[in-house]
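Mapping the sequence shown onto my numbering, position 18 (from 1) lands on 18, and the numbers just tick up by one.
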Amino acid sequence: MGLGKKKKDGTNLPPPPGLMPLPPPPAPGMPLPPPPAPGMPLPPAPNMAASLPPAPQMSPAAPPPVPTPVAAAPPIAAPPAPLPAIEALPPSVPQTPAVTPVAQSDADSYSGLYAKKSGKPLQQVYGHIERISQGDIGSLLDRYSDRFGHELDRDIIVMRKDEREDKIAVIRDSPTVELLNQVEEDESALEPDTLVELNTQLKTVEDELRRLKPEYQAAKEEGDRELLRELRPSLESLMAERKLLKAVISGETDIDELFKNDNSEDVPEAESAEEYEEEDDQVEGDLFIDFVAIVDALLGNNLSEDAISTFSQSDGFEIFKAVGSSPGDADESERSEFFSVIDKLLGGMPDEAVHGFVESDDFEIYRAIGAMYS
1 MGLGKKKKDG
11 TNLPPPPGLM
21 PLPPPPAPGM
31 PLPPPPAPGM
41 PLPPAPNMAA
51 SLPPAPQMSP
61 AAPPPVPTPV
71 AAAPPIAAPP
81 APLPAIEALP
91 PSVPQTPAVT
101 PVAQSDADSY
111 SGLYAKKSGK
121 PLQQVYGHIE
131 RISQGDIGSL
141 LDRYSDRFGH
151 ELDRDIIVMR
161 KDEREDKIAV
171 IRDSPTVELL
181 NQVEEDESAL
191 EPDTLVELNT
201 QLKTVEDELR
211 RLKPEYQAAK
221 EEGDRELLRE
231 LRPSLESLMA
241 ERKLLKAVIS
251 GETDIDELFK
261 NDNSEDVPEA
271 ESAEEYEEED
281 DQVEGDLFID
291 FVAIVDALLG
301 NNLSEDAIST
311 FSQSDGFEIF
321 KAVGSSPGDA
331 DESERSEFFS
341 VIDKLLGGMP
351 DEAVHGFVES
361 DDFEIYRAIG
371 AMYS
């Protein structure tokens, strides 16, 4: 008996665990079962429901959110089309108008050139040249006359007329301090504040008198009666007020006289000729003191050291020291000699210094003193 390999019987193997046995195939010649209709559940496999575990219970799913319609974005404007390039133009050349020469005669051209350089008459020019050729420079008043002529005096006086009237109005309208409801042991005594106010008002009046005096003196020398009629009432009124202020400050007159004079509508009585001349002489004395102060400033600022050294060794330096140390005590002859020496000395100042001094207010005082003592 032969031994051979024993065939494995695979048909009798048990099914794998967990799987149900397949249903038997249909018999030969039998039709296949029809497929389930669309949408119908498939028939459960035999004994499938019993073998499978129950499905977990699921919560009913929420319906999906309805999408909100998104607003359409506004249409974006298209960028503007680029401008066409501008071609650079060549710079324009300015056209200068043609100047047509004007024919002038020799006489017209000469007079035009002379008018631009100087407005002085030929007599003044020749006179100045003659003095220079003789070594005499001339005094300050001579140089002023050569430069401006005598017609400028009238123009200066007329120009300052409005300014003088405005200052007089300011003095007249100045307030006066009056102390009320105060018991004083001595009624004639004045308070310190009142004295300060009175002295301030007195100084204002005296300054105005010093300013008007040169104009009045110049008008008197020139014989300008119209200007004298305009200036004399103002001078007399200012001198009367000056006299009253001095009397109140010294205690000779009550302060109420000032208020009576301000409130009175009547024109104050004019001073007599003698009193007016006395006041006039006093103003002239004060004017000469101011003149000496002006001269000292001019000598110190506008003369060189060599000129001052030469003057200190001259004969005129003695009268300069005598009058300059005490101008109020100098008599008429000393004042006249002092002015003559100073006028020649200041004539050697530079042109710029002469021009600046002539245009200043101090020159009016200088001219007034020159009219008195030259």
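Just so you know, even glycine gets a beta-carbon here, dropped at the ideal spot from N, CA and C.
Classification of residue i by the beta-carbon crowding that lies within 10 angstroms, buried from 16 upward
| i | result |
| --- | --- |
| ILE365 | buried |
| ILE289 | exposed |
| ALA330 | buried |
| ALA368 | buried |
| GLU252 | exposed |
| PRO327 | buried |
| ASP343 | buried |
| VAL341 | buried |
| VAL292 | buried |
| ARG225 | exposed |
| GLU332 | exposed |
| VAL248 | buried |
| LEU195 | exposed |
| GLU241 | buried |
| LEU32 | exposed |
Cα-Cα separation between residue i and residue j, rounded to whole angstroms
| i | j | result |
| --- | --- | --- |
| LEU202 | GLY348 | 38 angstroms |
| PHE311 | SER325 | 17 angstroms |
| MET239 | PRO214 | 15 angstroms |
| ALA270 | SER237 | For ALA270, the predicted model reports a pLDDT of 44, less than 50, meaning its position is unreliable; a value from the coordinates is still stated below. Approximately 8 angstroms, taken between the alpha carbons. |
| VAL358 | ASP351 | 11 angstroms |
| GLY223 | ARG229 | 11 angstroms |
| ARG210 | THR204 | 10 angstroms |
| LEU198 | GLU206 | 12 angstroms |
| ASN301 | GLN313 | 19 angstroms |
| ALA307 | ASP254 | 55 angstroms |
| SER250 | ASP173 | 24 angstroms |
| ASP256 | PRO233 | 24 angstroms |
| VAL170 | TYR216 | 20 angstroms |
| LYS246 | LEU227 | 29 angstroms |
| PHE317 | SER304 | 16 angstroms |
| SER309 | THR200 | 41 angstroms |
| ASP315 | PRO192 | 49 angstroms |
| PRO24 | MET30 | 13 angstroms |
| GLY356 | LYS321 | 26 angstroms |
| PRO28 | PRO34 | 16 angstroms |
C-beta contact flag for residue i and residue j at 8 angstroms
| i | j | result |
| --- | --- | --- |
| LEU231 | ALA218 | no |
| ILE294 | ASP362 | yes |
| VAL323 | ARG335 | yes |
| GLY370 | PHE338 | no |
| LEU258 | LEU235 | no |
Nearest candidate by alpha-carbon position, reference residue i, set the options
| i | options | result |
| --- | --- | --- |
| ASP296 | ALA247, LEU346 and SER250 | LEU346 |
| GLU208 | GLU191, GLY316, LEU287 and SER360 | LEU287 |
| TYR373 | GLU221, PHE317 and LYS243 | GLU221 |
| SER360 | PRO34, LEU303 and LEU298 | LEU298 |
| GLU163 | ASP193, LEU212, THR194 and ASP256 | LEU212 |
Residue i: CB within 7 angstroms of a non-hydrogen atom of the ligand GDP
| i | result |
| --- | --- |
| GLY29 | Ligands in the displayed structure: none, and consequently the ligand GDP is not present. |
Self-check item: Complete runs of the beta strand (DSSP E) confined to the region 197-257 [at least 3 residues]
Solution: With a minimum length of 3 residues, no continuous beta strand (DSSP E) run stays inside the region 197-257.
Quiz item: Taking only runs of the alpha helix (DSSP H) that begin and end inside the region 325-374, which ones reach a length of at least 4 residues, in chain order?
Solution: 332-346, 351-358 and 362-373
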